[in-house]
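Novice: First, the structure itself, so that you have it in front of you.
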Amino acid sequence: MELEYFPESSLENPAQKALMNIQIQVPYSGTEFHPSSGRGTQASANIPDDLEEYIEALRRLGDCKFTPNLLEHKVDVQEEGGLVPRGWSVYLP
């Protein structure tokens, strides 16, 4: 699993700042440079349980003072040119 954070602002309210958390399925160690057809066999349609639990926790605890607000989230499938073609990717702004 790869984890990246990017600064983000709302189109409707540019003063509202957030971080974009992007997590994607990555290829098994040692297969990073194999053809995409081989890396695609590693694809999973299901995101890891701990990531699902994290999203659910953010959803449930969104009104708490010390918990980040879950503005939105998107679960997607990587394109054919992705690290793991047809593997999962999750976007959490």
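Quick note: to get this note's numbering, add 3 to the position in the sequence shown (first position is 1).
We put the beta carbon where it would ideally sit given N, CA and C, even for glycine.
Identify whether residue 40 lies in helix, strand or coil by the three-state DSSP scheme.
Specialist: For the purposes of this step, residue 40 is taken as residue 37 along the sequence shown, with counting starting at 1. Helix at residue 40.
Novice: So for residue 22, helix, strand or coil by DSSP?
Specialist: For this step, residue 22 is matched to residue 19 along the sequence shown. Correct three-state label for residue 22: strand.
Novice: Could you give the residue range of the alpha helix (DSSP H) that holds residue 57?
Specialist: Stepping through the sequence shown from its first residue, residue 57 is reached at position 54. Looking at the DSSP string, the run of the alpha helix (DSSP H) that includes residue 57 is 52-63.
Novice: Please list, in chain order, all residues of the same chain as residue 74 whose beta carbon is under 7 angstroms from its beta carbon, the five residues on each side excluded.
Specialist: Counting from one through the sequence shown, the residue named residue 74 turns up at place 71. Hits under 7 angstroms: 21 and 96.
Novice: With H, G and I counted as helix, E and B as strand and the rest as coil, what does DSSP make of residue 31?
Specialist: The sequence position of residue 31 within the sequence shown is 28, counting from 1. Three-state DSSP puts residue 31 in coil, outside helix and strand.
Novice: Find the nearest neighbour of residue 61 within the set 76, 48 and 51, judged by alpha-carbon distance.
Specialist: One-based indexing of the sequence shown puts residue 61 at position 58. The residue with the shortest Cα to Cα distance from residue 61 is 76.
Novice: Could you check how far apart the C-beta atoms of residue 30 and residue 19 are, in whole angstroms? I think they sit under 8 angstroms.
Specialist: For the purposes of this step, residue 30 is taken as residue 27 along the sequence shown, with counting starting at 1. For the purposes of this step, residue 19 is taken as residue 16 along the sequence shown, with counting starting at 1. Going by Cβ atoms, the distance from residue 30 to residue 19 rounds to 36 angstroms, so no, they are not a contact pair.
Novice: If I measure Cβ to Cβ from residue 52 and keep anything under 7 angstroms in the same chain, skipping five residues before and after, which residues do I get?
Specialist: Position 49 of the sequence shown, counting from 1, holds the residue named residue 52. None.
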